[in-house]
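So the structure is just underneath, and the comments pick up after that.
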Amino acid sequence: MLSLEDIFPPFALRIACGTVELRVLRDDDLPELVDLVRGGIQAPGLPMPFLRDWHELPFAPGTPDGFPTTSLAWWWTQRATFAVDDWRLALTVRRDGQLVGMQDLHARDFAQTRTVDTGSWLGLAHQGEGTGTLMRQLVVGLAFDELGAVACGSGYIVGNAASAAVSRKTGYVENGRRRIVQHTTQGKVGVEEQRVLVTPATYVRPTGRVTVQGADALRRFLGIER
Ligand SMILES: CC(C)(COP(=O)(O)OP(=O)(O)OC[C@H]1O[C@@H](n2cnc3c(N)ncnc32)[C@H](O)[C@@H]1OP(=O)(O)O)[C@@H](O)C(=O)NCCC(=O)NCCS
């Protein structure tokens, strides 16, 4: 019988460096993921980092309106709408086997643009230990080395010093600012986003040895020619 990885090759992807491992989110991860979110994400003094304050919604499992139901649709949508010209990999980040955060990788019309975009977060208890930098370096390395990307974009709300530092340490350079809308429980809020971009010429690699499994099958699934 075929395995789940044979049917949906993103599940076979595994990127590891030292004690940190990135894999595509599975339903079995969801209870641990929900617990992680409940422990908090946003550090005091830093701006709300997301387009929606999904992580602050009332905790009400098993009801239609509260968290985690409000976020399940987003996590499942990334699989349900997966397409060669618009794909999204929601990667769990585990350190010493424990789920500590998520690192997302997204591309639209990758065959033509060869450009990906990233977003990421860690549970509060797991921030400030270098994991945020390493997970970003790993996913950018995947994009450049395995998928043949020529650029990786990202963005952070102006004032998010932690995200700015991660971008700088991964080799991103500033790529303009734009005004965006955040959806919060208080309504829509206009904020300034700093866009950043990293290319192979400026990319800073992790210092440890990186192993990648499942890249061949992923390339085939995404229709990427080497
Ligand atoms: C952004 C985030 C992923 C960074 O991960 P991290 O593991 O905390 O970062 P690292 O430990 O790799 O540290 C990277 C740099 O950020 C700095 N940093 C970390 N937390 C910081 C804070 N609260 N304020 C200022 N700088 C901070 C560190 O000092 C380090 O820089 P240095 O090595 O020059 O000292 C994490 O803080 C997070 O999840 N934040 C909330 C969600 C978020 O902002 N996501 C990004 C959306 S764009």
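Here my numbering = 1-based position in the sequence shown + 211. Even glycine gets a Cβ: it sits at the ideal position worked out from N, Cα and C.
8 Å contact criterion, which residue i and residue j should meet: CB distance rounded
i      : j      : result
Val415 : Thr381 : 6 Å
Val245 : Leu349 : So it is not a contact: roughly 24 Å between Cβ atoms.
Trp286 : Leu433 : Going by Cβ atoms, the distance from Trp286 to Leu433 rounds to 20 Å, so no, they are not a contact pair.
Ile252 : Leu345 : Rounded, the Cβ-Cβ distance is 18 Å, inconsistent with contact.
Arg325 : Val361 : 4 Å
Asp315 : Gly330 : 4 Å
Val215 : Thr303 : For the sequence presented, residue 215 should be read as Leu rather than Val. Contact doesn't hold; Cβ gap of about 15 Å is too wide.
Val407 : Ile226 : Wrong, their Cβ atoms sit about 21 Å apart, outside the cutoff.
Ile435 : Glu404 : Wrong, their Cβ atoms sit about 29 Å apart, outside the cutoff.
Coil, strand or helix - residue i by DSSP
i      : result
Gly334 : coil
Gly277 : coil
Arg237 : coil
Val231 : strand
Thr288 : helix
Met346 : helix
Phe293 : coil
Arg319 : strand
Phe222 : helix
Asp246 : helix
Ala426 : helix
Asp328 : strand
Leu215 : helix
Phe270 : strand
Arg263 : strand
Arg306 : strand
Leu300 : strand
For the pair the stretch 390-409 and the stretch 423-434, tell me if three or more CB-CB distances fall below 8 Å. no
Contact between the stretch 304-316 and the stretch 259-273 is defined here as three or more beta-carbon pairs at a separation below 8 Å; is this criterion met? no
Residue ranges of each alpha helix (DSSP H) run of no fewer than 4 residues wholly in the stretch 349-423, ordered along the chain? 372-381
Contact between the stretch 384-392 and the stretch 406-413 is defined here as three or more beta-carbon pairs at a separation below 8 Å; is this criterion met? yes
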